[in-house]
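**Student:**
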Amino acid sequence: MDQENKDKTLDNLTKAENILVAVADDAGFDGLAAGLAVYLSLIKLGKNASIIAHEPLIGDAQNIYGVNNIGKSQDKKTPVVVVKNAIDTVDKVTHFLDGDNLKLVIHPLPGSDGVKQQQISFEYQSSPATFIISIGFANMQALKTKITHEQEISPDTWIIAVKKGELSQEFAQETFFDPQANSVSEVAARMLQELAMPLDEDISYNLYMAISQATNNFSPSQTRAQTLEIASWLLKFGAGRASLAQKTFTTQPFPSQKSAQIPPIKNIQEFFETVPTMGEVEAGKESQSTDWLKPPKIYKGSKSFGESKE
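If you want it as structure tokens, here you go:
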């Protein structure tokens, strides 16, 4: 991420009044953990944020933080005046201030009966997001399909795309992706690190747990050095101190076994003096090799087995 794009992203993030975190349905537990971690970081930053994602499985919901916030909006609702059948009755709408009161004037369409009182209603709706963080989406169409029922995406909306693997389409102003990453949570962690966004025990745990699961508990065949660096960074922010971490990683102790008693070494110099030198070891090997070349020793008794007694 170059400095110019970083500055633009941080500027838009600072100005954003409403931020939406959208998680792809096929991103699984990994994507859900990443999305919730980003959402919790935004809340910690003091932003009005919301998250939309698939409904998690019961087991998954019990192992990560923030699940209860899915589908809930943190922003204040915007009041909206609704006029039914407006196409046939409304010509235009104007407004003016009457003291401290704002008045809306609904001008009737020529030839119509105008708007009746029963046609007017009042409702609240969420303000459109000015900043979107997409988790696991490959293209704009997939993102639009997910959030269309929530809101439209304005051309002025700043979008950050977070994804593991290759992108089939560049649709965001800023993209964080890694073709070799096993986990989208690892990529999300790098984004939080790059943008210096706040972390705590819960946020760190969500990301660490997802990375651990995606790499089969950090199996050597599935874990890169970069992955371990991120995991270590998350531990520094308290991933292991989270309450769920104590529950998840508690294991039964191994049965105690008596180990061989090793006498204490009182004098380290005496210890090394008892260790044979390389010359002594080689001499022993040569002696053993020479012994194998000699004829075998045969035991001879006082009398042969065939000799009879007199």
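Using UniProt numbering, read the sequence shown as starting at 1 and increasing by one per residue. For glycine and all other residues, C-beta sits at the position ideal for the given N, C-alpha and C.
Figure out for me which residue from Ala231, Ile19, Asp7 has the closest Cα to the Cα of residue 319.
**Tutor:** Because the chain in this structure spans residues 1 to 310, residue 319 falls outside the shown range and cannot be described.
**Student:** Please say whether Thr157 and Asn182 have beta carbons closer to each other than 7 Å?
**Tutor:** No.
**Student:** Is Asp100 helix, strand or coil by DSSP?
**Tutor:** Asp100 falls in the coil class under three-state DSSP.
**Student:** Throw me the rounded Cβ distance for the Ser134 and Ala22 pair, which I believe falls under 8 Å.
**Tutor:** Yes, Ser134 and Ala22 are in contact; Cβ-Cβ is about 5 Å, under 8 Å.
**Student:** Apart from the five residues just before and just after Tyr124, which ones in its own chain have a Cβ nearer than 8 Å to its Cβ?
**Tutor:** Closer than 8 Å at the Cβ level, and outside the excluded window around Tyr124, lie Lys77, Thr78, Pro79, Val80.
**Student:** DSSP state of Ala202, grouped into three classes?
**Tutor:** The amino acid at residue 202 is misidentified as Ala; the sequence shows Asp. If DSSP states are grouped into helix, strand and coil, Asp202 belongs with the helices.
**Student:** Roughly how far, in whole angstroms, is the beta-carbon of Val115 from the beta-carbon of Thr94, given that I think they are within contact range, below 8 Å?
**Tutor:** Actually they do not touch by this definition, with Cβ atoms about 14 Å apart.
**Student:** Quick check: the Cα distance between Asp91 and Ala129, rounded to an integer number of angstroms?
**Tutor:** Each residue's alpha carbon lies about 30 Å from the other.
**Student:** Quick check: what's the CA-CA separation for Asp25 versus Ala49?
**Tutor:** So the alpha carbons of these two residues sit roughly 19 Å apart.
**Student:** Restricting to Cα atoms, I'd like to know which of Leu109, Pro108, Leu104, Ser112 is closest to Phe122.
**Tutor:** Residue Leu104 is the option with its Cα nearest to Phe122.
**Student:** Can you have a look at residue 315 and say buried or exposed, based on whether 16 or more other CB atoms are within 10 angstroms of its CB?
**Tutor:** This structure cannot speak to residue 315, because the chain is shown only from 1 to 310.
**Student:** Measuring straight from C-alpha to C-alpha, what distance separates Trp233 and Lys144?
**Tutor:** Cα to Cα, the separation comes out at about 34 Å.
**Student:** For a test of the three-state rule: what should DSSP assign to Lys84, helix, strand or coil?
**Tutor:** Note: Lys84 maps to coil in three-state DSSP.
**Student:** For Ile52, which residues in the same chain have their Cβ closer than 8 Å to its Cβ, ignoring the five residues on either side in sequence?
**Tutor:** Once the five neighbours on either side are set aside, the close Cβ partners of Ile52 are Leu20, Val21, Ala22, Val23, Ile70, Gly71, Lys146, Ile147, Glu150.
**Student:** Who are the near neighbours of Val275 in its chain, counting only those whose CB is closer than 8 Å to its CB and skipping five residues on each side?
**Tutor:** Note that Val275 scores 47 on pLDDT, short of 50, meaning its location in the model is unreliable; the coordinates nonetheless yield the value given after this. Around Val275: no qualifying Cβ.
**Student:** Just to confirm, is the Cβ distance from Val67 to Pro56 under 7 Å?
**Tutor:** Yes, these two residues count as a Cβ contact at 7 Å.
**Student:** Taking the beta strand (DSSP E) that Glu174 falls in, what are its first and last residues?
**Tutor:** Element bounds for Glu174: 174-178.
**Student:** What is the residue span of the alpha helix (DSSP H) that Val187 lies within?
**Tutor:** Taken as a continuous stretch (DSSP letters only), the alpha helix (DSSP H) holding Val187 covers 184-194.
**Student:** Taking the alpha carbon of Pro110 as the point to measure from, which residue in Pro198, Ile132, Leu97, Ile87 has its own alpha carbon closest?
**Tutor:** Measuring from the Cα of Pro110, the nearest candidate turns out to be Ile87.
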